[in-house]
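One structure below.
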């Protein structure tokens, strides 16, 4: 297809998605849940077709030289399809955010105001290899009353098509409006820029993938983009920290699952307790094979157990068993370091002093700030949200773990009995 | 200055604004209010300097051929400066949104979560001629704990500088952090694109002005943009409308102040009551000099009192004593017309049937939907917000009248007593 054809196809999908979004506004919570359960059933029914499509992607991936980890992310099997179906049923069981009255009040002229949670409308999602995102994202958007236009990566195109077809056909049997879930059936690069340009149809765009993808979308998009950037997370061990707790938290945050965005990357230690704390955590880190990169003060205390950190280390998300460590003279220095180097995702203070913790939390400009809790709890599931679409590093609209509520907007509904401004103004 | 110099100056302002934003996070509500009152006093003290600067702008405007309306928007005098100062004092009297606990909960592992309202950080505001925006915008941002970088229009540059200087010097005496309010001291077009590019320093950008300005910012900006587009507002007179109320609302919404964004532009009338309603409203409109442009059914009923509407009329914000009128066969047709042609700002239904009103409100995809109330109440003051920075036509973050709350973000503060994910996970 040439650029113009790609553009025409996607623009038509946009117009159809808008119509679907309007149709979705009047579906009851029960109806949406019925549709979701039908989708889950359809996923199971169409397992053979999905696995066959997936085998095509795997074969193509192998001949294109994808590495083992990439092939694993791409691969579906019975258990993974069952997990997708179960995930859909779990979303059906969550409370419907739509229709919630956020605030209401009456003005002196008896005009009554309600602020009501409503769907956003049409959500564009651009993602990379994992085919389960096709279902996860579409289902969360549907539960919150939104139409979706999905654009997956080329490696998973057959799997994505099969999953989207299963969702759509299962959903339609239960009353899903036509075109509520649409997958762009090709993966030309041009499709990203067409999506990013059509702000008449897409209310928001969510890139799920690496920094390169996010950067591309940000530079092209005319509509709001909800970004999920890196997690350069810090833990600050205050001079009033309890040692055993500090060691346990610094251990857990770094080593429990080092490859995820809420893992610890930089440890900041107050000078007053550095000589006590650092050897203790170093012992744990050494036993677990964590490479330590410290500033001069750290090297003084740990000797050859630590390498010398460079300036670049403070801005690096290792996603690996590597940690940068810095000794600070004060909490203010820790806050300053975090506000300069953090990706504003999740940062922690370990201290027994509640007032200092409060000041730290007020000053640290991050989505999630933890006091005496591992940053590994920066997660929609651990927040109790039931399912998450990601962790937003943005400050507008959605910040931190993004779940159903963050996939909604609001509308003011104003009721009266004939009030006109020329007679009933209050200002 | 060449492009590189402009860029350097503005990037430095951005870095300073970020530092100011961090300093603002720990100011108490009382301190901010003290600063605001000092700014108001400073505006009054520096009246002579401001008027002198304004005289330069007026002289330049006259020699550049600005028309009378534009010169009027630009002109300051004692009363207008007093109004700016009073406006600042009114903002000081409003409740501080920062620190509000939006939600809080405890998980089974005793980890406690708080969602707290916090400042956004650094807000960029790009605006056109009125110099009072310099104060209005900076003051609302400050009250909500944000630093601002202001970029006004070239016509008002001297006035803007004098006002910003008065705010800054008055505020500093009372403890305003340095660089909390910065005005870009030149108006080269390049400054807009530099602001739009510096997402490391600006958390959001708010263009206040015409469609051209907003379009430019949208196409360039890497950070979220909160847009205040047109108001193509509709009023739908249902078949169950009370006639006197319908006439009064259609009159008020169109004629009370036709040049504003919440004024009525298109009237939709149910066919069952068209022959009754249209002659009544036409009589009012004729007496007030409103030009009516109708579809065929309207012309049939009103004859030569109405002109024939073209397709373009349904997408036009007249901001004038002109109205387009269409007869619809059903409420569904009215909803469809509105969702196709409305700017999603403010739309109204007049009906005595509460269920139909509820369905209309659920289906109309606009920021504000009114039932038996004139759309002219779509206004921060009439909502009771005290002061507004504009009416957002966006759906993310801020929708409808934007006031102090909409100038904030939130942060999760998570407290525990040593919980680690490897031991205390709940999922």
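Protein chains in written order, with my numbering: chain A, -15 to 411; chain B, -15 to 411. Glycine included, every Cβ here is placed at the ideal spot set by N, Cα and C.
Item: Touch test, the segment 85 to 92 of chain A against the segment 48 to 60 of chain A, Cβ-Cβ under 8 Å, three pairs minimum; Value: no
Item: 8 Å Cβ cutoff, residue 327 of chain A in contact with chain B; Value: no
Item: Residue nearest to residue 69 of chain B in terms of C-alpha spacing, selected from B:-6, B:273, B:155; Value: B:155
Item: Identity of the residues DSSP links to residue 167 of chain A by a beta bridge; Value: A:134
Item: Burial state of residue 355 of chain B, where buried means 16 or more other Cβ atoms lie within 10 Å; Value: buried
Item: C-beta contact flag for residue 326 of chain B and residue 216 of chain B at 8 Å; Value: yes
Item: Cut-off 7 Å between Cβ atoms - residues of its own chain near residue 340 of chain A, not counting five sequence neighbours on either side; Value: 222, 224, 315
Item: Per DSSP, cross-strand counterpart(s) of residue 290 of chain B; Value: B:276
Item: Span of the beta strand (DSSP E) around residue 438 of chain B; Value: Only positions -15 to 411 of chain B appear in the structure, and residue 438 of chain B is not among them; the question remains open.
Item: Beta strand (DSSP E) segment containing residue 111 of chain A, residue limits; Value: 106 to 111
Item: Rounded Cβ spacing between residue 392 of chain B and residue 104 of chain B (contact assumed at less than 8 Å); Value: 6 Å
Item: Proximal residues to residue 229 of chain A (C-beta, below 8 Å), its chain only, five neighbours per side dropped; Value: 334, 356
Item: Runs of alpha helix (DSSP H) lying entirely within the segment 305 to 330 of chain A, each at least 4 residues, in chain order; Value: 315 to 325
Item: Reference residue 7 of chain A; option with closest CA among A:164, A:67, A:321; Value: A:164
Item: Three CB pairs or more closer than 8 Å across the segment 344 to 352 of chain B and the segment 68 to 82 of chain A; Value: no
Item: Interface residues of chain B facing residue 379 of chain A [CB-CB closer than 7 Å]; Value: 104, 105, 187, 393
Item: Residue-chain proximity (residue 298 of chain B, chain C), Cβ-Cβ < 8 Å; Value: The structure shown contains no chain C; its protein chains are A and B.
Item: Bridge-paired residues (DSSP) for residue 386 of chain A; Value: A:374
Item: Through-space distance from residue 362 of chain A to residue 385 of chain A, alpha-carbon basis; Value: 7 Å
Item: Close beta carbons around residue 204 of chain A, own chain, < 6 Å, minus the five adjacent residues each side; Value: 177, 180
Item: Limits of the alpha helix (DSSP H) - the one that residue 17 of chain B falls within; Value: 13 to 29
Item: Spatial neighbours of residue 367 of chain B in its chain, beta-carbon cut-off 7 Å, leaving aside the 5 residues before and after; Value: 385
Item: For residue 102 of chain B and residue 394 of chain B, believed in contact at Cβ under 8 Å, the rounded distance; Value: 6 Å
Item: Simplified DSSP assignment, three categories, for residue 366 of chain A; Value: helix
Item: Separation of residue 96 of chain A from residue 88 of chain A, as counted between CA atoms; Value: 7 Å
Item: Per-residue DSSP class, three states only, for residue 298 of chain A; Value: helix
Item: Chain-ordered neighbours of residue 352 of chain B on chain A, where CB pairs are closer than 7 Å; Value: 396, 398
Item: Three-state secondary structure (DSSP) of residue 214 of chain B; Value: coil
Item: Chain-ordered neighbours of residue 132 of chain A on chain B, where CB pairs are closer than 8 Å; Value: Simply none; closest approach about 15 Å.
Item: Assumed close pair residue 252 of chain A, residue 276 of chain A - CB separation to whole angstroms, cut-off 8 Å; Value: The Cβ separation is near 14 Å, so there is no contact.
Item: Beta-bridge pairing of residue 395 of chain B - partner residues as DSSP gives them; Value: B:100
Item: Beta-carbon contacts of residue 409 of chain B that lie in its chain and below 8 Å, excluding the five residues immediately before and after; Value: 93
Item: Neighbouring residues, chain A, relative to residue 345 of chain B (Cβ below 7 Å); Value: 397
Item: Contact with chain B by residue 361 of chain A, beta-carbon distance below 8 Å; Value: yes
Item: Host alpha helix (DSSP H) of residue 381 of chain B (start-end); Value: Premise fails: residue 381 of chain B is in no alpha helix (DSSP H) and is neither H nor E.
Item: Within chain A, partners of residue 236 of chain B - CB distance below 7 Å; Value: 404, 405, 406
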